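A.B. asks: Structure incoming, see below.
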DNA sequence: ATGGTCGGCAACCGA
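Okay, here's the thing in C-alpha cells:
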C-alpha cells in the first residue's frame with residue numbers, strides 16, 4: 216500500500232483553509248506537514264480536516280510560527296517541541312504514523328547573517344541534528360520534513376551569485392544541513408530531479424516571482440535511505456502557488472511503496 | 001501607470 220506525504224508552509228492555516236482543504240481533496244495525501252500555521256492551539260481549525268478524514272496534531276503560538284500534521288492514519292507517540300528549547304516551541308512536531316516516525320519542522324528563518332537570530336537558527340539546527348542522532352537510527356524508516364529555510368546548492372535558488380553568503384544560502388547553514396544527509400537522510404525530491412530550477416518558495420516581495428521563476432528550494436522531504444529507496448516519485452505543485460490567495464510557499468509531495 | 005507583498009493584529013514585526 217503506497218503512502219504519500221507532503222509538506223507545505225501555509226503562512227497562516229486560517230488564511231489558507233480553502234486552499235489546503237481543496238488540495239487534500241484532490242491529492243488525498245496520507246500525511247501533510249504544515250508550517251507557519253500562525254494560530255494558537257484552541258483556535259486551530261481542526262473540524263474541516265476531521266470531516267475530510269484526517270487526524271490533526273498541532274502546536275501553535277500567537278502570530279508566529281506553528282506546526283501541524285494532518286494524517287489519515289492514527290498517529291502514535293506524538294511529540295511537540297524540541298528538547299532544550301522553550302516548552303512552547305512551535306517549530307517541531309512529530310508522530311509515528313503507519314510505523315514510520317515523521318518529524319515536521321519549521322526551522323528559524325535567521326533574519327540576516329551576523330545577527331542573534333542567525334545564531335539561533337544554527338543552534339536550533341544543531342539541536343535538531345543531535346535529537347535525530349540520539350533518537351533514531353539511519354537504517355530504519357524515518358522521515359524529516361518541513362521548511363528548513365536553507366537552499367543547499369546553487370541550483371536550488373534563482374540567483375546564487377547574488378545571494379551567496381546571505382541568509383538561506385550561507386555555508387554555515389549548509390554545513391549543518393549536510394550533516395543530516397551524511398547521517399543517512401536522503402533528499403527525496405533531489406533523488407528524482409537532479410536538475411535545478413525547481414523551487415518551493417517565491418518571495419512575495421519580488422514582483423511576479425513565480426512567473427519569472429525567481430524562487431528558492433528550501434522545503435524538503437528527507438527520508439532514511441531504506442525508505443528513500445522505496446520512493447517512486449516526488450513533485451512540487453507550482454499550480455497551488457498560482458491560485459488566488461496563495462502562500463509564498465507551495466506543496467512538496469513524495470510517494471513511497 | 002502616478003502603484004508595486006502578505007498575515008496577524010491593531011503598531012509594526014516577521015518572512
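Residue numbers (this note's numbering): 216 to 472.
Every residue gets a Cβ at the ideal spot worked out from N, C-alpha and C, and that includes glycine.
Predicted, not measured: the structure shown is a model, and the values here were computed from it.
Could you give the DSSP three-state label for residue 250: helix, strand or coil?
C.D. replies: strand
A.B. asks: With which residues is residue 270 paired in a DSSP beta bridge?
C.D. replies: 286
A.B. asks: Please report the Cβ distance between residue 273 and residue 264, rounded to the nearest whole angstrom; I am assuming they are in contact, meaning their Cβ atoms lie under 8 Å.
C.D. replies: That pair is no contact at about 10 Å.
A.B. asks: Tell me the DSSP bridge mates of residue 319?
C.D. replies: 308, 360
A.B. asks: Quick one: using the 10 Å Cβ neighbour count with 16 as the cut-off for buried, is residue 357 buried or exposed?
C.D. replies: buried
A.B. asks: Extract the residue ranges of the beta strand (DSSP E) inside the region 394-436, only unbroken runs of 3 or more that lie entirely within it.
C.D. replies: 400-402
A.B. asks: Considering only their Cβ atoms, is the gap separating residue 312 from residue 246 smaller than 9 Å?
C.D. replies: yes
A.B. asks: Checking 9 Å against the spacing of the C-beta atoms, do residue 328 and residue 308 come in under that value?
C.D. replies: No, Cβ-Cβ distance for residue 328 and residue 308 is not below 9 Å.
A.B. asks: Taking its Cβ as the centre, do 16 or more other Cβ atoms sit within 10 Å of residue 243, making it buried, or is it exposed?
C.D. replies: exposed
A.B. asks: For the ligand ATP, any of its heavy atoms closer than 8 Å to the Cβ of residue 466?
C.D. replies: As for the ligand ATP, it is missing from this structure, which has no ligand bound.
A.B. asks: Which term fits residue 432, buried or exposed, when burial requires 16 or more other beta carbons within 10 angstroms of its beta carbon?
C.D. replies: buried
A.B. asks: Distance check for residue 377 and residue 270, CA to CA, integer angstroms please.
C.D. replies: Going by the C-alpha atoms only, they are around 43 Å apart.
A.B. asks: Might you give, ordered along the chain, the residues of its own chain that have their beta carbon closer than 6 Å to the beta carbon of residue 375, omitting 5 neighbours on each side?
C.D. replies: 369
A.B. asks: Where residue 473 and residue 403 are concerned, what is the direct C-alpha to C-alpha distance, given to the nearest angstrom?
C.D. replies: There is no way to answer for residue 473, as the model of the chain reaches only from 216 to 472.
A.B. asks: Which residues bound the alpha helix (DSSP H) around residue 455?
C.D. replies: 454-457
A.B. asks: Less than 8 Å between C-beta atoms, sequence neighbours within five positions excluded: which residues of the same chain meet that for residue 314?
C.D. replies: 356
A.B. asks: Name the DSSP beta bridge partners of residue 450, please?
C.D. replies: 468
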